[in-house]
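Participant: Just so we're aligned, residue 15 is where the sequence shown starts under our numbering, counting upward by one.
Glycine included, C-beta positions come from ideal geometry on N, C-alpha and C.
Computed from a predicted model, the values in this text were never measured in an experiment.
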Amino acid sequence: MAQSPVLKARGLSVTRGTRAVIQKLDLEIFQGDVVCLVGENGSGKTTLIESLVGILPLNEGQVEWFSEKDESVIIRNYSGTREKPYPFGLTLQSDGVCGEEKVTERLITALNVSGIDCSQTEAKQILEEWGMSHRGEDRVSQLSAGLRRRLAVISGMAPAIMCEAPRIVFLDEPSEGLDSFSKGVLKKWISELSQYGNAIVMASHDEEIIACSSRILTIESGGISESKNTIGEGLIFERQFLDETETKTISSLFSWSYSIERRNPIDTIGKATPAVLALLLSYSVLTGMDTSQATLSNTDIGNHLAAALILTPAFISAVISPAMIRRLSEEECGKWWSAVCGPQFRPATSIMASSILLPLPLTYLSWFVLEGSLPVGSSEEILRWLWL
Numbered sequence: 015m016a017q018s019p020v021l022k023a024r025g026l027s028v029t030r031g032t033r034a035v036i037q038k039l040d041l042e043i044f045q046g047d048v049v050c051l052v053g054e055n056g057s058g059k060t061t062l063i064e065s066l067v068g069i070l071p072l073n074e075g076q077v078e079w080f081s082e083k084d085e086s087v088i089i090r091n092y093s094g095t096r097e098k099p100y101p102f103g104l105t106l107q108s109d110g111v112c113g114e115e116k117v118t119e120r121l122i123t124a125l126n127v128s129g130i131d132c133s134q135t136e137a138k139q140i141l142e143e144w145g146m147s148h149r150g151e152d153r154v155s156q157l158s159a160g161l162r163r164r165l166a167v168i169s170g171m172a173p174a175i176m177c178e179a180p181r182i183v184f185l186d187e188p189s190e191g192l193d194s195f196s197k198g199v200l201k202k203w204i205s206e207l208s209q210y211g212n213a214i215v216m217a218s219h220d221e222e223i224i225a226c227s228s229r230i231l232t233i234e235s236g237g238i239s240e241s242k243n244t245i246g247e248g249l250i251f252e253r254q255f256l257d258e259t260e261t262k263t264i265s266s267l268f269s270w271s272y273s274i275e276r277r278n279p280i281d282t283i284g285k286a287t288p289a290v291l292a293l294l295l296s297y298s299v300l301t302g303m304d305t306s307q308a309t310l311s312n313t314d315i316g317n318h319l320a321a322a323l324i325l326t327p328a329f330i331s332a333v334i335s336p337a338m339i340r341r342l343s344e345e346e347c348g349k350w351w352s353a354v355c356g357p358q359f360r361p362a363t364s365i366m367a368s369s370i371l372l373p374l375p376l377t378y379l380s381w382f383v384l385e386g387s388l389p390v391g392s393s394e395e396i397l398r399w400l401w402l
């Protein structure tokens, strides 16, 4: 009986700028496959991986994933259709990890996103395999480049290796920056994933990692050529899997954003500080005006001005760029979240980054502080303009 694919790409064409990197590519990945993408720098290995997980828009073709029940979802097609992916693992070339995350927190987030419950103790046991349990409470920014890369690889492979049901894993240059010990664990995990029916798609220049693959795809001039590779039976690994639950992509994204902001409230401080300064400036402007003048209290100009000064702090806080933009751009962290969340990523981040929370209390605070300096009898008229 023919084996069903877990991934199928048909007629895939992708451009970067004005250059056609991938042209009319067809590809099928099956359970247990260890596929290694090889080729010169800039040949399109990273582009292909990012296309297969739905990060990049397609000029032609579509990418489709299949479940064990032979159900399918369109990860992306040329017309822009994008559906929520099945749980999978992903390690990007640029790590995709924010420096403000803690090591254990990052691993737990990667597992929760893919629908796997993981406690602090279980996360530390996973880190122990890679010699990182002693750094569990450190921030990612405190790690060396090698340890940061190690964490990115663990976070990309753990959603599959800790799950009993087969999944697909994407690894972009996983051995880059790893020492000999970490590379040994990486090769062991690759073998273990394949043993349990997981599919792996990885890009690498490392001969040791290429030797772990069952299929070698050489990318050249936008197309691919394939060669088979014999990797032997290997050892039989036994592992205690973690419990599966529903995937928690969007809730994990909100929790991630909240925990980072609570730990390092640069967004709140960055918006509140200029807003408070604007409030003090508004107060000084109003107190310096002759509010006893009938022309000020009885004309729309005075009411408009007072309403504008009250709204100024809220406006200032709303136009300041949210810290989430910087956090998501760090080491292409946003790309990782975009891949695992699928089409829900953009509306979720639009809500999270929108400045709707702080301006509301700032408006009330401005009214409370400035009300005593307003022209006599104009409060109701100004309130009407504030509501508008």
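Helix, strand or coil: how does DSSP classify LEU39 here?
Facilitator: What you label residue 39 is simply residue 25 of the sequence shown in a count that begins at 1. Looking at LEU39 - three-state DSSP - the assignment turns out to be strand.
Participant: If I'm right that ARG96 touches GLN76 with Cβ under 8 Å, what's the distance once you round it to whole angstroms?
Facilitator: Locating residue 96 in the sequence shown gives position 82, where the first residue counts as 1. Locating residue 76 in the sequence shown gives position 62, where the first residue counts as 1. About 10 Å; that fails the 8 Å criterion.
Participant: Among the residues of its own chain, which have a CB less than 8 Å from the CB of LEU157, if the five just before and after it don't count?
Facilitator: Indexing the sequence shown from 1 puts residue 157 at position 143. Closer than 8 Å at the Cβ level, and outside the excluded window around LEU157, lie VAL117, ARG149, LEU165.
Participant: Around the Cβ of TYR272, are there at least 16 other Cβ atoms within 10 angstroms (buried) or fewer (exposed)?
Facilitator: As a first step, residue 272 must be located in the sequence shown, where it is residue number 258. Exposed, by the Cβ-count rule.
Participant: Counting Cβ pairs closer than 8 Å, one from the segment 78-85 and one from the segment 15-28, do we hit at least three?
Facilitator: With the cut-off at 8 Å, the segment 78-85 and the segment 15-28 touch.
Participant: Kindly indicate the opening and closing residues of the beta strand (DSSP E) around SER239.
Facilitator: Working through the sequence shown from its first residue, we reach residue 239 at position 225. Unbroken beta strand (DSSP E) run through SER239: 237-242.
Participant: Tell me the residue span of the beta strand (DSSP E) that contains PHE255.
Facilitator: As a working mapping, residue 255 is identified with position 241 in the sequence shown. Run containing PHE255: none; DSSP gives neither H nor E here.
Participant: Tell me which residue opens and which closes the beta strand (DSSP E) that LYS22 is part of.
Facilitator: Translated into positions along the sequence shown, residue 22 becomes position 8. Element bounds for LYS22: 19-30.
Participant: Thinking GLU344 and GLY113 are a contact (beta carbons under 8 Å), I'd like their distance in whole angstroms, please.
Facilitator: Within the sequence shown, residue 344 is the residue found at index 330, counting from 1. Within the sequence shown, residue 113 is the residue found at index 99, counting from 1. About 6 Å separates the two Cβ atoms, so the contact holds.
Participant: Suppose you measure from the CA of SER27 to the CA of LEU72; what does that come to, to the nearest Å?
Facilitator: Looking up residue 27 in the sequence shown gives position 13. Looking up residue 72 in the sequence shown gives position 58. Whole-angstrom Cα-Cα distance: 6 Å.
Participant: So VAL215 packs on PHE184, CB below 8 Å; how close in whole Å?
Facilitator: Taking the sequence shown and counting its residues from 1, the one referred to as residue 215 is at position 201. Taking the sequence shown and counting its residues from 1, the one referred to as residue 184 is at position 170. 5 Å between Cβ atoms; contact.
Participant: CB VAL48 to CB ILE233, shorter than 8 Å?
Facilitator: Reading the sequence shown from its first residue, position 34 is the one you call residue 48. Reading the sequence shown from its first residue, position 219 is the one you call residue 233. Result no, Cβ atoms of VAL48 and ILE233 do not sit closer than 8 Å.
Participant: Which of the three DSSP states, helix, strand or coil, is assigned to ASP281?
Facilitator: Reading the sequence shown from its first residue, position 267 is the one you call residue 281. It is helical.
Participant: Here's the rule: buried if 16 or more other CB atoms are within 10 angstroms of the residue's CB, otherwise exposed. What is ASN2?
Facilitator: Shown here, the chain extends from 15 to 402; a query on residue 2 therefore has no answer.
Participant: How many Å lie between THR377 and SER296 at the Cα?
Facilitator: Counted from its first residue, the sequence shown places residue 377 at position 363. Counted from its first residue, the sequence shown places residue 296 at position 282. Cα to Cα, the separation comes out at about 12 Å.
Participant: Bridge partners for ALA34 per DSSP, in chain order?
Facilitator: For the purposes of this step, residue 34 is taken as the residue at position 20 of the sequence shown. BP columns for ALA34 point to THR29.
Participant: If the criterion is Cβ atoms closer than 8 Å, does the pair GLY58 and ILE36 meet it?
Facilitator: Here residue 58 refers to the residue found at position 44 when the sequence shown is read from its first residue. Here residue 36 refers to the residue found at position 22 when the sequence shown is read from its first residue. A contact, by the Cβ cut-off of 8 Å.
Participant: Have a look at VAL154 and ALA292 and give me their C-alpha separation to the nearest angstrom.
Facilitator: Taking the sequence shown and counting its residues from 1, the one referred to as residue 154 is at position 140. Taking the sequence shown and counting its residues from 1, the one referred to as residue 292 is at position 278. Going from the Cα of VAL154 to the Cα of ALA292 covers about 36 Å.
Participant: So what's THR259 in DSSP terms, helix, strand or just coil?
Facilitator: Sequence index remark: in the sequence shown, residue 259 carries index 245 (1-based). If DSSP states are grouped into helix, strand and coil, THR259 belongs with coil.
Participant: Taking DSSP as the reference, what is the three-state secondary structure of THR123?
Facilitator: Walking along the sequence shown from the start, residue 123 turns up at place 109. The answer is helix: DSSP assigns THR123 an H, G or I state.
Participant: Please list the segments of the alpha helix (DSSP H) lying wholly inside the segment 173-240, counting only runs of 4 or more residues, in order along the chain.
Facilitator: Here the runs fully enclosed are 194-209, 221-224.
Participant: Determine the closest residue to SER65 out of PRO101, LEU106, GLN45, GLU54, with distance taken between C-alpha atoms.
Facilitator: Numbered from 1 along the sequence shown, position 51 holds the residue referred to as residue 65. The candidate whose alpha carbon is nearest that of SER65 is LEU106.
Participant: Does the segment 187-200 come into contact with the segment 120-131, if we say contact requires no fewer than three beta-carbon pairs (one atom in each stretch) closer than 8 Å?
Facilitator: Because the criterion of three Cβ pairs below 8 Å is not met, the segment 187-200 and the segment 120-131 do not touch.
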